[in-house]
Every structure is written in C-alpha cells, then in structure tokens.
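The sequence shown begins at 324 in my numbering and counts up one residue at a time.
Data block below; observations after.
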Amino acid sequence: MEKILKIAEKHGACACEVFYSSAKSYSFSTAGETIKTKEYDSDSGFGIRVLKNRRIGFSYFTDRNKAEEAVKTAVAVSKFSEEVAGFEFSHDKKFKDVKGIYDKKLANLCENDAKNLIYDLFSGANKYAEPIESDLSFGTSKIKIINSCGLDTGGKYTKISCTMQAGYKNSSAYSTYASCNLDIDPFKLGKSAGVLAKQMYKPGKIKSCKTNIIFNSSALHELFSGMLLAAVNGSNTRRGLSFFCEKQGKEVANNILNIYDDPLYREGLGSSSFDAEGSETFKKPIIENGILKKFLYDLKNAALAKTKTTGNCERSGYSSPVSVSPSNIVVSPGDTKDLISECKNGIYLHSALGWHTANSLTGDFSVSIDVGFKVEDGEIKKGVSGIIAGNFFEMLKKIKGIEKKQERYLDLISPKIEFYDVGVIGN
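Here you go:
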C-alpha cells in the first residue's frame with residue numbers, strides 16, 4: 324500500500340489516502356419453510372483518494388497490477404471536483420480499542436450452524452403463525468487505511484443480521500435483529516414476528532383525532548433515520564438543506580430529550596475507534612436537554628464548513644466514495660418506568676410504512692400504521708390501522724415522556740418515547 328503513496332506523488336498529488344477492505348459473507352433467503360437461496364461472497368479491493376490543487380479525486384481497483392492506472396484516474400478526476408480549502412487527510416494517532424465488535428464464534432460460524440439458526444427461526448414463527456420469508460446473513464470484514472500524513476490503522480469486524488416475516492391468515496408482520504456478536508435468539512425472533520402477525524389480524528378502526536403515540540425502538544429507528552439524521556448531516560446543513568440550519572445552540576426539542584452519536588458504544592453495530600478516513604471517533608451530543616448541539620461531519624464537509632470533523636465518515640466499501648453518516652444513535656433514559664401503563668388513551672407503534680415519502684427538509688410526513696395497537700387505561704388492546712400525519716420537528720417539542728429502560732434496535736439504542744397531540748387519520 325505504501326507504494327501507492329509514492330505512485331501518487333510521482334503523478335503530482337500533494338497527498339494521497341489508500342483504503343483497503345476485504346469482506347467474506349454468507350447469505351440465505353427462505354420462502355415458507357424452505358431455504359430458497361444460499362450464497363457465499365468474498366470481495367476485496369482498494370479505494371484511492373488524492374489531493375491536488377486543493378481538489379479531491381477518487382478511484383478504486385481490485386487488481387494490484389492496476390494501481391498506477393487507478394492513481395492516474397483519481398488525479399484526472401480531481402480536476403473536476405470542487406476546491407476544498409484547508410482540507411488535509413487524517414494524521415496518525417493511537418486509537419482506543421472498542422469492545423465487542425469482533426466475535427470469533429461468529430467469524431467461525433459455518434453453513435450447518437446457519438441452517439440450524441434458520442430452523443429455529445421457523446419453529447418460533449410456527450408457535451403463533453406461519454413463516455412467509457426470511458433472510459439471514461453473516462460475515463467478517465477487515466479494513467486498513469494509510470495516507471501520506473503518516474496514518475496507518477485498521478481493524479476487523481463481524482456482523483450477523485436476520486429478518487423474519489410471518490403471516491397469520493391475511494395478516495403479516497416482521498421482526499429484525501442485527502449484531503456484531505453471535506447472540507441472536509432465532510426462536511425468539513421468529514416468535515416475535517408470529518405474535519405480531521396474529522395480533523394484527525383484523526385490526527380495529529380508529530377515529531381521526533389528535534392523540535398520544537408511544538414509539539418503541541424499531542418505530543423510532545424509522546422516524547430518526549428518515550428525519551433527524553438528514554437534519555444533522557453536515558453535508559446538508561452547510562448547503563442549507565436542513566431544517567436545523569442556523570439552529571445550532573437553540574432549543575429544538577423538549578428539554579428531557581438527550582440524543583448522542585456514540586461510536587465507542589460497546590458491541591454497537593456502528594462502533595469503531597476511527598472512521599472510514601482514519602479520523603478519531605468520540606461520543607458527541609446531537610441534542611442535549613432539548614438544545615441542538617452538533618452537526619455531523621467528515622473531513623471534506625468540515626473543511627467546507629470551516630469547522631472540524633466529528634469522525635463521521637462512512638464508506639459502504641472500497642469502491643464507494645466517502646459520505647457523512649452517524650455511528651450509533653443513543654437516546655438517554657428518561658424517568659418513566661412504564662409509558663404504556665401510564666397511558667390513558669393512545670397508540671403503541673411498532674412500525675409504519677411510507678417514511679421514504681417524508682419531507683426531511685420541512686419535517687412533514689404521512690405514514691400508514693404497519694404494526695400498532697390501541698392503548699386504553701394502561702393496557703395494550705387490539706391492533707389498529709390508520710394514518711399518522713404530522714411534522715417531525717414539531718413532535719420533538721411534544722414529548723410527554725421517556726422510559727427508563729433502553730432497547731437496542733440495529734444501530735439505535737433508545738427507550739420508548741411518548742409524543743402527544745399527534746395527528747391520526749382513521750379508516
């Protein structure tokens with residue numbers, strides 16, 4: 324990899340970065356109780372970024388004999404990119420270890436082990452419903468980053484993810500789980516999907532009204548992924564494409580809300596001591612006591628915004644350009660033991676459909692309830708259907724309560740949150 328830095332210098336680059344990644348993965352998909360497909364994939368390659376005349380160029384290659392050709396391409400591409408004054412690649416640093424992001428047991432998981440997990444998934448779903456389809460994938464990845472500023476770092480990671488969709492008559496529901504460790508309980512996951520499918524059979528009607536809605540961690544993941552994260556993305560804020568532009572340091576939510584980006588969270592799906600360009604990562608407040616504290620940046624967007632990187636650079640692989648992304652989103656616990664038991668009248672939401680249609684710039688949304696239940700006098704009642712419509716940024720100020728217990732769903736760690744005065748459109 325060091326030779327590539329010298330090649331870049333030979334072709335006029337004033338600085339260069341080389342990103343290497345390799346990944347091995349198994350994936351299975353099922354239909355009913357039959358394994359429909361199984362695939363093994365292995366991929367590796369190099370991504371190159373060069374800096375020339377304050378402009379950044381990118382290219383990649385898989386054949387080591389084509390390194391110089393890729394460098395030439397990156398240098399040529401840089402001529403057409405925007406000028407980034409003050410940009411420089413990450414410098415070398417001793418990074419802290421993050422626990423729980425590589426599991427030897429998961430790394431050694433074999434095909435037969437995976438099939439047993441799938442059969443347990445079926446067994447769980449069959450307790451209350453029938454399996455419709457499922458996906459299971461797991462694997463290992465390794466990265467190494469070096470640059471002409473002296474950086475030389477790397478790491479290895481494991482991941483497993485599973486989704487089960489179960490059906491009960493004409494009703495269906497799904498459950499999803501992902502982890503860096505082999506701690507998945509497939510029977511429980513399948514059972515959860517089956518229970519939800521049965522509970523959502525013949526959902527009741529609701530009247531159009533303003534009501535309280537309790538979001539669990541999966542519903543919050545949908546809400547935050549589509550709205551909050553776009554609003555604090557430094558690439559959007561510096562270009563005026565965020566509702567939060569000019570609101571840093573101002574109150575944007577109820578003062579009981581605290582949200583952090585925490586790349587050092589133990590066993591977090593997005594955890595790493597350095598980001599995808601080798602910048603040191605650290606826990607940072609996004610919203611603290613209702614006040615908007617920080618936007619998320621990589622090196623390029625930080626330079627353009629005349630600020631510092633927050634260590635939030637991401638790449639989906641060696642062949643992809645960098646982008647700004649959160650790591651693990653952590654919502655601090657509240658002081659309510661059980662929101663449902665204290666709710667007189669409202670809705671308990673697991674998931675909704677249509678978040679991709681929401682306007683992340685204005686905050687306006689209209690989504691249909693996928694899995695949700697009526698709550699009356701502190702008890703969960705029958706499943707309901709209907710439309711939830713409102714404005715995300717107004718909802719942040721209408722938080723009635725936050726539970727004490729956090730739940731982990733993918734890269735979100737959050738308690739249940741109850742919002743009041745949310746619009747619901749009945750059938």
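Think of the CB as a built atom: it goes at the ideal place given N, C-alpha and C, for glycine as much as any other residue.
query	result
Can you give me the Cβ contacts of H679 inside the same chain, cut-off strictly under 8 Å, excluding the 5 residues immediately before and after it?	G549
Is the CB of F567 under 7 Å away from at least one CB in chain B?	Within the model displayed, chain B is absent; a lone protein chain is all it includes.
Going straight from the alpha carbon of I358 to that of F351, what length do you get?	7 Å
Do the CB positions of G591 and N651 come within less than 7 Å of each other?	yes
With 16 as the cutoff for other CB atoms within 10 Å, does E600 come out buried or exposed?	buried
For a minimum of 3 consecutive residues, which ranges assigned as the beta strand (DSSP E) are wholly contained in the stretch 645-692?	652-654 and 668-676
Spatial neighbours of V653 within its chain, please: C-beta separation below 6 Å, excluding the five flanking residues on both sides.	Y583, D585 and I736
So, do the stretch 337-347 and the stretch 370-380 have three or more beta carbon pairs nearer to each other than 8 Å?	yes
Does DSSP put N578 in a helix, a strand or coil?	coil
In the stretch 432-476, which residue ranges form an unbroken beta strand (DSSP E) of at least 3 residues, counting only runs that do not cross its ends?	453-470
Starting from S737, trace the beta strand (DSSP E) in both directions and tell me its first and last residue.	L735 to S737
Relative to the alpha-carbon of T633, which residue among S708, F605, E391 and K417 has its alpha-carbon at the smallest distance?	F605
If we call anything under 7 Å between Cβ atoms a contact, is G517 one with A448?	yes
I'd like to check one pair, G593 with D755: are the Cβ atoms closer than 7 Å?	The structure shown has nothing for residue 755, since the chain only spans 324 to 750.
Would you kindly work out how many angstroms separate the C-alpha atoms of N559 and S646, rounded to a whole number?	11 Å
Taking contact to mean 3 or more Cβ pairs, one atom from each stretch, closer than 8 Å, check whether the stretch 718-728 and the stretch 568-579 are in contact.	yes
Check whether the stretch 684-691 and the stretch 708-715 touch, using three or more Cβ-Cβ pairs below 8 Å as the test.	yes
Could you tell me the distance, in whole angstroms, from the CA atom of C666 to the CA atom of L552?	29 Å
Excluding the five sequence neighbours on either side, which residues of its own chain have a C-beta within less than 7 Å of the C-beta of L564, listed in chain order?	L684
I'd like the span of the alpha helix (DSSP H) that includes F590, first residue to last.	Looking at the sequence itself, residue 590 is Glu, so the reference to Phe does not match. Careful: E590 lies outside any alpha helix (DSSP H) and carries neither H nor E.
Does the Cβ of C636 have 16 or more other Cβ atoms within 10 Å, making it buried, or fewer, making it exposed?	buried
Just to confirm, are Y671 and I703 a CB contact at a threshold of 7 Å?	yes
Determine whether the beta carbon atoms of E434 and T353 lie at a separation below 7 Å.	no
If you compare alpha carbons, which of I537, A626 and K728 is closest to K697?	I537
For T499, does the three-state DSSP call read helix, strand or coil?	strand
Is the stretch 405-416 close to the stretch 616-624, with three or more CB pairs under 8 Å?	yes
Would you list the one or two residues that DSSP bridges to S344?	G368 and I466
Would you be able to state if there are at least three C-beta pairs under 8 Å between the stretch 479-487 and the stretch 384-393?	no
In the DSSP assignment, find the unbroken beta strand (DSSP E) run with E730 in it and report its ends.	E730 to Y732
Where does the unbroken beta strand (DSSP E) through S382 begin, and where does it stop?	R378 to F384
So, using beta-carbon positions, are E726 and K739 closer together than 7 Å?	yes
Could you check which residue in D426, C472, F510 and I330 has the C-alpha nearest to that of D443?	F510
Which residue comes first and which comes last in the beta strand (DSSP E) that contains P608?	K607 to E611
Using 7 Å as the threshold, is the C-beta distance between N535 and G746 below it?	no
Take K616 and list the residues in its own chain whose beta-carbon comes closer than 7 Å to its own, dropping the five residues that flank it on each side.	P608, I609 and I610
For the stretch 514-533 against the stretch 486-494, do three or more pairs of beta-carbon atoms, one drawn from each stretch, fall closer than 8 Å, so that the two count as touching?	yes
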